[in-house]
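**Q** After the structure tokens below, expect a handful of questions from me.
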Amino acid sequence: DVKVTQSSRYLVKRTGEKVFLECVQDMDHENMFWYRQDPGLGLRLIYFSYDVKMKEKGDIPEGYSVSREKKERFSLILESASTNQTSMYLCASKVATNTGELFFGEGSRLTVL
Amino acid sequence: QKEVEQNSGPLSVPEGAIASLNCTYSDRGSQSFFWYRQYSGKSPELIMSIYPNGDKEDGRFTAQLNKASQYVSLLIRDSQPSDSATYLCAVNPRDDYKLSFGAGTTVTVRA
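So this is what it looks like as structure tokens:
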């Protein structure tokens with residue numbers, strides 16, 4: 489059974505804190521993605537990685553960074569959390585083709601106070 | 090202009106009726122299209138993939154692509170309460186690894 493696991497389902501952080509969101513997949517997928525989902529705005533791509541140590545900015549990368557040191561793990565980092573980063577964060581992975589299905593994790597709901 | 094647009098709904102249909110969802114996309118060169126379903130509090134899951142070689146049917150679901158008009162539709166026949174969810178349209182606009190998602194259409198099937 490394929491699985492994408494996000495480390496935290498719910499987090500509450502304070503403005504200015506550094507936040508790490510971890511994502512692990514067990515499907516040996518090359519591509520991994522971080523999206524945020526907000527009401528009325530749908531899924532917006534923050535960053536993606538097409539291979540180990542490779543990363544590319546998505547549509548809304550400002551305020552975020554990522555790390556992919558191992559194939560199975562893709563981390564999203566908020567260097568200094570702000571209230572407008574309160575959101576649902578979804579990690580996804582897929583095989584390295586343009587037709588592959590995205591497999592999503594359960595999501596991490598982050599609240600920044 | 091957003092790359093992928095959907096009516097947010099909510100779309101309310103009686104049980105047994107047909108639910109019709111539409112999605113328009115801006116990049117005429119897009120080659121692959123997807124419908125994801127997201128239940129409340131859950132993550133999206135793929136239900137249909139459509140490529141520019143015809144319509145696709147899977148059980149009660151039919152996906153149609155109109156490249157000339159740049160829209161994709163999803164029909165849910167014999168709608169069931171279990172179909173109540175948000176349906177996300179996704180498009181691969183540059184034939185690369187990234188998908189662009191619409192905001193989703195929320196469907197409620199009334200028993």
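Chains E and W supply the protein sequences, listed in that same order. Residues in the first sequence are numbered from 489 upward in steps of one, following the working numbering. Residues in the second sequence are numbered from 90 upward in steps of one, following the working numbering. Just so it is clear, CB atoms sit at the ideal spot from N, CA and C, and this is done for glycine as well. Model, not experiment: these values are computed from the prediction.
Give the interface partners of Leu529 of chain E over in chain W, defined as CB-CB distance under 9 Å, in chain order.
**A** The contacting residues are Ala192.
**Q** Measure from the alpha carbon of Ser189 of chain W to the alpha carbon of each residue in W:Gly98, W:Glu146, W:Ser115, W:Ile107, then state which is nearest.
**A** Checked all of W:Gly98, W:Glu146, W:Ser115, W:Ile107; the closest Cα to Ser189 of chain W is W:Ser115.
**Q** Counting only C-beta atoms, is Phe562 of chain E closer than 8 Å to chain W at any point?
**A** False, the Cβ-Cβ gap to chain W never drops below 8 Å.
**Q** Considering only C-alpha positions, which residue in the set E:Gln513, E:Gly528, E:Leu509, E:Arg497 is nearest to Ile534 of chain E?
**A** Taking only the C-alpha atoms, the option nearest Ile534 of chain E is E:Leu509.
**Q** Give the DSSP bridge partners of Thr605 of chain E, in chain order.
**A** Because chain E here runs from 489 to 601, residue 605 of chain E falls outside it and cannot be looked at.
**Q** Does Ser115 of chain W get closer than 8 Å to chain E when you measure Cβ to Cβ?
**A** Not closer than 8 Å to any Cβ of chain E, the Cβ of Ser115 of chain W fails to qualify, so no.
**Q** So the beta strand (DSSP E) Asp526 of chain E belongs to, where does it begin and stop?
**A** 519 to 526 is the extent of the beta strand (DSSP E) around Asp526 of chain E.
**Q** Leaving out five residues before and five after Met576 of chain E in sequence, what residues of the same chain have Cβ atoms less than 6 Å from its Cβ?
**A** These residues qualify, in order along the chain: Gln525, Gly595, Arg597.
**Q** Curious, which full-length beta strand (DSSP E) runs of at least 3 residues does the region 523 to 555 of chain E contain?
**A** Taking only runs of at least 3 residues, the beta strand (DSSP E) segments lying wholly in the region 523 to 555 of chain E are 530 to 539, 542 to 545.
**Q** Whose C-alpha, out of W:Ala157, W:Ala179, W:Ile165, is nearest the C-alpha of Ile139 of chain W?
**A** Comparing Cα positions, the closest option is W:Ala179.
**Q** To the nearest angstrom, how far is it from the Cα of Gly193 of chain W to the Cα of Ser109 of chain W?
**A** Computed Cα separation, rounded: 13 Å.
**Q** Which same chain residues end up closer than 8 Å to Leu590 of chain E when comparing Cβ atoms and leaving out the 5 residues on each side of it in sequence?
**A** Phe521, Ala580, Ser581, Lys582, listed in sequence order.
**Q** CB Ala106 of chain W to CB Trp124 of chain W, shorter than 8 Å?
**A** No, the pair does not count as a contact, with Cβ atoms beyond the cut-off.
**Q** Using a cut-off of 7 Å between C-beta atoms, extract the partners of Leu188 of chain W located in chain E.
**A** Those are Leu590, listed as they occur along chain E.
**Q** Out of curiosity, what's the CA-to-CA distance linking Lys131 of chain W and Arg497 of chain E?
**A** Their backbone Cα atoms lie some 11 Å apart in a straight line.
**Q** Given a threshold of 16 other Cβ atoms within 10 Å of its Cβ, counted over all protein chains shown, does Pro141 of chain W qualify as buried or as exposed?
**A** Exposed, because fewer than 16 other Cβ atoms sit within 10 Å of the Cβ of Pro141 of chain W.
**Q** Sort E:Lys491, E:Gly504, E:Leu601 by Cα distance to Gly551 of chain E and report the nearest one.
**A** Ranking the options by Cα distance to Gly551 of chain E, first place goes to E:Gly504.
**Q** Is any beta-carbon of chain E found at less than 8 Å from that of Leu154 of chain W?
**A** Answer no: the Cβ-Cβ gap between Leu154 of chain W and chain E never drops below 8 Å.
**Q** Using only the alpha-carbon positions, how far apart do Glu567 of chain E and Thr585 of chain E sit?
**A** Near 31 Å, if we compare the C-alpha coordinates of Thr585 of chain E and Glu567 of chain E.
**Q** Determine which residues share a DSSP beta bridge with Lys558 of chain E and list them.
**A** Note: Lys558 of chain E sits in a beta bridge opposite E:Arg561.
**Q** According to DSSP, is Asp147 of chain W part of a helix, a strand, or is it coil?
**A** Three-state DSSP puts Asp147 of chain W in a strand.
**Q** Can you confirm whether Ser132 of chain W, when its beta carbon is compared against all beta carbons of chain E, has any partner nearer than 8 Å?
**A** Output row for Ser132 of chain W: interface = yes.
**Q** Between the alpha carbons of Pro527 of chain E and Val198 of chain W, how many angstroms are there, rounded?
**A** Cα to Cα, Pro527 of chain E sits roughly 21 Å from Val198 of chain W.
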